[in-house]
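A.B. asks:
Numbering (the numbering used here), first residue to last: 27 to 421.
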């Protein structure tokens, strides 16, 4: 579906299609799904292939590896890329869409030079070391400590639910550097070489049998001050750049997850009488999200950081994905639960299980609704008894 491309957009779409037809088939990841090492290697190669052509960062300047393109061109490429079973997703986008944009906004020229191109070309993969057992939705409750020792910082603590930490080269980390300040002000943002001594990564076995998530323990980990992003105590500000970009990212579409068009196909082949009103409502949400994402990408292309309004994209998409996946599975009856070979039903199964996680990852529904209410709509803020007291007095 080309969505009324302008002549320039239609030309770009045809160029992207031709390039993908020539290059994408050799990066088919269907046979690599259960071989993590092979999948990671393939993901690195595909990222490099895109970067060499400029498709890995379409909106970036050409001298920095992009195409000087538009947000719409980036969406068009993603539309076409999604037609192929390629190794894309958080494994790569944590670096390209979260770490690097934060480094480029808050980092030094040396840090930007060190990390931008290797990440863009798939040589450096990243993980996000934010969540902790006591700091999930309340991220500012972080207890991992960073203590200055000469030119280094010594890190002790624990992170959890860290995607791809077991294969990452570097990580973005928030740690508490001054517990005498209020919880949001005593934090600092660091870059962590995941091959350093003092890091213990323990995979978490999921119900699916996979281990994408990890616990990460730091014991006297030493990080040079040159790996600090922003000023000491500005970790929350830097983290907000990361999180706003994350909500743009996870609110987008994925080739692995079903769309309303596929739901219509499934309902039609099931022979059941569809709930046309509900399907029309979901299609309206899907198209509205697409156009809303164009607005967010335009903001990013101007060097702006999406504000709290970006939470709307992720909030709506996670619930939409759950609803349309459930309808797709319901239409198949018991086959929706038991099917293991039907590609479309497998997609709905994956969409349904992932949507439950997506309503938590990147900010729970409840937290996002609070942010939208308070910071977008200007409604009275929720009472926070620990807002103005030192972190040492928080429980």
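Just so you know, even glycine gets a beta-carbon here, dropped at the ideal spot from N, CA and C. Bear in mind that the values here come from a model prediction, so they are computed numbers and not experimental data.
1) Span of the beta strand (DSSP E) holding residue 153?
2) In the DSSP assignment, find the beta strand (DSSP E) that holds residue 245 and state where it starts and stops.
3) Indicate the three-state DSSP secondary structure (helix, strand or coil) for residue 105 in the structure shown.
4) Which word fits residue 153, buried or exposed, when buried means at least 16 other C-beta atoms lie within 10 angstroms of its C-beta?
5) If I measure Cβ to Cβ from residue 394 and keep anything under 7 angstroms in the same chain, skipping five residues before and after, which residues do I get?
6) Consult DSSP for residue 72 and reduce its assignment to one of helix, strand or coil.
7) When we look at the beta-carbon of residue 317 and count the other beta-carbons within 10 Å, is it buried (16 or more) or exposed?
8) Would the beta-carbon of residue 91 fall within 7 angstroms of that of residue 69?
9) Among the residues of its own chain, which have a CB less than 8 angstroms from the CB of residue 371, if the five just before and after it don't count?
10) Excluding sequence positions up to five away, which residues of its chain have a Cβ less than 7 angstroms from the Cβ of residue 102?
11) For residue 323, count the other beta carbons within 10 Å of its own beta carbon; 16 or more makes it buried, fewer makes it exposed. Which is it?
12) The beta strand (DSSP E) with residue 179 in it runs from where to where?
13) On the three-state DSSP scale, how would you describe residue 211?
14) Closer than 6 angstroms to a non-hydrogen atom of the ligand SAM - does that hold for the CB of residue 314?
15) May I ask you to list the residues that DSSP assigns as paired with residue 171?
16) Report yes or no: do three or more beta-carbon pairs, one from the stretch 167-182 and one from the stretch 137-145, lie closer than 8 angstroms?
17) Do the CB positions of residue 224 and residue 245 come within less than 7 angstroms of each other?
C.D. replies: Concretely, from the data shown:
1) 152-155
2) 240-250
3) helix
4) buried
5) 337, 340, 341
6) helix
7) exposed
8) no
9) 292, 354, 355, 358, 361, 362, 365
10) 35, 38, 39, 42
11) buried
12) 178-185
13) coil
14) Absence of the ligand SAM from the depicted structure is noted, as is the absence of any ligand whatsoever, leaving it without description.
15) 182, 202
16) no
17) yes
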